[in-house]
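Chemist: Oh and the sequence shown: position 172 is 174 in the working numbering, straight run, nothing missing.
Backbone N, C-alpha and C fix where the C-beta goes; we use that ideal spot for every residue, glycine too.
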Amino acid sequence: MRWHAVTDPRHLRRWNSKASDEPTDCNHQGGPFVAFFSYYEPSYEIGLAAADGSCIQRLTNNNDADGFVETCHEPRGIFCPSLGATGLSWSPDSQNILFTSDRDGDAEVYEMNRDGSNVRQLTDNSADDIVGDNAWSPNGDGIVFTTDRDGNREIYSMRSDGQEQTNLSRDEAGDFNPQWSPDGSRIVFLSTRLAPERFYDTDIFVMNRDGSSVSLVTDGPDQVGAPSWSPRSDAIAYVSFCCGDAISREEIFLVNIDGSGRKLFVPDLASNPEWSPKGDAIAFYACPGRNCRENGAGGIYIKSADGTGGKQLTASPYDTQSFRWSPDGTKLAYQALGTGDDKVHLFVLNTDGSNPREISDRLSLNPVWSPR
Numbered sequence: 003m004r005w006h007a008v009t010d011p012r013h014l015r016r017w018n019s020k021a022s023d024e025p026t027d028c029n030h031q032g033g034p035f036v037a038f039f040s041y042y043e044p045s046y047e048i049g050l051a052a053a054d055g056s057c058i059q060r061l062t063n064n065n066d067a068d069g070f071v072e073t074c075h076e077p078r079g080i081f082c083p084s085l086g087a088t089g090l091s092w093s094p095d096s097q098n099i100l101f102t103s104d105r106d107g108d109a110e111v112y113e114m115n116r117d118g119s120n121v122r123q124l125t126d127n128s129a130d131d132i133v134g135d136n137a138w139s140p141n142g143d144g145i146v147f148t149t150d151r152d153g154n155r156e157i158y159s160m161r162s163d164g165q166e167q168t169n170l171s172r173d174e175a176g177d178f179n180p181q182w183s184p185d186g187s188r189i190v191f192l193s194t195r196l197a198p199e200r201f202y203d204t205d206i207f208v209m210n211r212d213g214s215s216v217s218l219v220t221d222g223p224d225q226v227g228a229p230s231w232s233p234r235s236d237a238i239a240y241v242s243f244c245c246g247d248a249i250s251r252e253e254i255f256l257v258n259i260d261g262s263g264r265k266l267f268v269p270d271l272a273s274n275p276e277w278s279p280k281g282d283a284i285a286f287y288a289c290p291g292r293n294c295r296e297n298g299a300g301g302i303y304i305k306s307a308d309g310t311g312g313k314q315l316t317a318s319p320y321d322t323q324s325f326r327w328s329p330d331g332t333k334l335a336y337q338a339l340g341t342g343d344d345k346v347h348l349f350v351l352n353t354d355g356s357n358p359r360e361i362s363d364r365l366s367l368n369p370v371w372s373p374r
């Protein structure tokens with residue numbers, strides 16, 4: 003396999019002359035937008051930036067956490083299994099944002115308008131209710147989230163107004179990280195139900211949107227995670243982790259939704275696959291080779307979905323594991339160390355590796371594009 007380096011991080015430049023300490027109004031700008039977590043002492047808040055760099059705006063402003071950064075209890079190589087880490091989810095019409103906040107004392111699900119106004123609390127209990135990045139159904143009528151209200155992690159659904167909260171997974175093991183299929187008919191999720199005594203021994207399952215017809219997608223000795231739907235809703239890219247000879251091994255596989263056709267996609271220290279909107283390519287984090295972090299090989303890569311080609315877009319090895327495709331598939335938003343400090347900032351670059359630009363110069367994480 004040949005990798006072609008495209009972007010040198012020293013060539014990064016600021017996209018917007020206004021830093022996030024000096025927010026501008028995005029209300030009159032056209033989309034798409036990038037929503038993200040941004041740190042304001044003492045907690046994370048939610049920010050918004052226009053994709054053309056013309057504005058940046060702080061959407062929440064309080065002393066509570068409107069986003070949580072989950073750390074690994076058992077860090078393994080470059081792969082950190084997500085156990086329902088919080089995210090941001092856009093409504094299909096790009097007018098509203100779902101998020102998790104502890105402003106009432108525990109983690110609950112909230113919704114707000116795109117400009118940060120009209121905040122509505124959708125869940126209200128003494129448990130932790132957590133939304134991910136793909137929580138809103140494609141047609142906007144349903145929301146899925148992870149909760150421990152039943153004593154273990156379960157996947158619930160509710161209407162977009164918070165009504166009809168229903169347990170979909172109904173299992174004594176841990177079920178978490180639900181994601182809608184692009185056609186809205188199914189939900190993929192992670193579960194420990196094959197080995198409930200081992201907290202991190204996860205497999206990938208799918209179920210219908212009403213919780214019926216649960217089926218196993220992956221079944222092997224390795225821990226798996228980070229599932230990403232193909233745009234046609236017929237396949238999933240995911241990470242498989244195992245170890246051998248004292249060297250951790252993270253590999254990306256592709257598999258049909260019925261569990262057939264499993265094939266190795268990236269064999270060498272790779273994680274976080276993200277399918278392109280057209281389905282013709284997959285972006286992922288990779289760190290090939292024993293000294294990849296020292297020699298600049300670690301970063302974001304793109305490879306054709308048929309397994310051919312491959313190019314390196316960024317060379318920031320420690321911090322580029324959160325990235326998303328733009329709706330039209332021409333750009334990636336990602337987090338990386340800034341050029342003048344040791345904080346993680348947000349950047350956007352073209353998917354051919356050109357024109358990398360900074361959109362937030364404060365500590366910011368988890369960029370998520372609006373659908374339009």
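What's the gap between the Cα of G164 and the Cα of A197?
Modeler: Spanning the two alpha carbons is a distance of roughly 32 Å.
Chemist: Suppose you measure from the CA of S139 to the CA of T62; what does that come to, to the nearest Å?
Modeler: Computed Cα separation, rounded: 24 Å.
Chemist: Output the distance between the C-alpha atoms of P369 and A37, rounded to the nearest integer angstrom.
Modeler: Approximately 6 Å between the Cα atoms of the pair.
Chemist: Apart from the five residues just before and just after G281, which ones in its own chain have a Cβ nearer than 8 Å to its Cβ?
Modeler: Around G281: S232, P233, R234 and A307.
Chemist: By DSSP, does T125 sit in helix, in strand, or in coil?
Modeler: Coil.
Chemist: Taking 8 Å as the threshold (C-beta atoms), are T353 and A338 in contact?
Modeler: No. Outside cutoff.
Chemist: Mapping the DSSP letters down to three states, classify A338 as helix, strand or coil.
Modeler: Looking at A338 - three-state DSSP - the assignment turns out to be strand.
Chemist: Would you decide whether Q97 is buried or exposed? Buried here means 16 or more other CB atoms lie within 10 Å of its CB.
Modeler: Its Cβ having fewer than 16 others within 10 Å, Q97 is exposed.
Chemist: Excluding five sequence neighbours on each side, which residues of the same chain lie with their C-beta closer than 7 Å to the C-beta of V111?
Modeler: L100, T102, L124, T125, D131, V133 and F147, listed in sequence order.
Chemist: Between which two residues does the beta strand (DSSP E) holding H347 run?
Modeler: That run of the beta strand (DSSP E) goes V346 to N352.
Chemist: Secondary structure at P369, three-state DSSP: helix, strand or coil?
Modeler: In the structure shown, P369 sits in a strand (DSSP, three-state: E or B).
Chemist: Thinking C-beta only, is G89 closer than 8 Å to D135?
Modeler: The answer is yes: Cβ separation under 8 Å.
Chemist: Based on the DSSP secondary-structure assignment, which residues constitute the bridge partners of T168?
Modeler: Paired residue(s): S159.
Chemist: Where does L266 fall in DSSP's three states?
Modeler: In the structure shown, L266 sits in a strand (DSSP, three-state: E or B).
Chemist: Using the C-alpha atoms, what's the distance from P223 back to A51?
Modeler: If I take the Cα positions, the gap works out to 42 Å.
Chemist: Going by DSSP, which residues form a beta bridge with K280?
Modeler: Partner(s): none; K280 has no beta bridge.
Chemist: R364 and S56 - do their beta-carbons sit closer together than 8 Å?
Modeler: No, Cβ-Cβ distance for S56 and R364 is not below 8 Å.
Chemist: How many angstroms separate the CA atom of L85 from the CA atom of G311?
Modeler: Residue confidence is low: L85 scores 42 on pLDDT, short of 50, so the model does not pin down where it sits. Its coordinate-derived value is still stated next. If I take the Cα positions, the gap works out to 32 Å.
Chemist: Cβ of N29 within 8 Å of Cβ of D117?
Modeler: Yes; because the gap between Cβ atoms is below 8 Å, this pair is in contact.
Chemist: Since A137 and S328 should fall inside the 8 Å C-beta cutoff, what is the C-beta to C-beta distance between them, to a whole number of angstroms?
Modeler: About 20 Å separates the two Cβ atoms, so there is no contact after all.
Chemist: Exposed or buried, E156, counting other C-beta atoms within 10 Å across all chains shown (16 or more means buried)?
Modeler: That one is buried.
Chemist: Given S366, which residues of its chain have a CB within under 8 Å of its CB, disregarding the five upstream and five downstream residues?
Modeler: Cβ within range, chain order: S22, F38, F39, S40, Y41, G49, Q337, V346, H347 and L348.
Chemist: Report the three-state DSSP secondary structure of I259 (helix, strand or coil).
Modeler: The answer is coil: DSSP assigns I259 none of H, G, I, E or B.
Chemist: Excluding the 5 residues flanking S159 on each side, which residues of the same chain have their C-beta closer than 6 Å to its C-beta?
Modeler: The answer, listed in chain order, is G144, V146, T168 and L170.
Chemist: Can you have a look at T149 and say buried or exposed, based on whether 16 or more other CB atoms are within 10 angstroms of its CB?
Modeler: Buried, by the Cβ-count rule.
Chemist: Quick one: residues in its chain with C-beta nearer than 7 Å to the C-beta of N64, no 5 flanking neighbours on either side, listed in chain order?
Modeler: So the list reads R105, once near-sequence residues are dropped.
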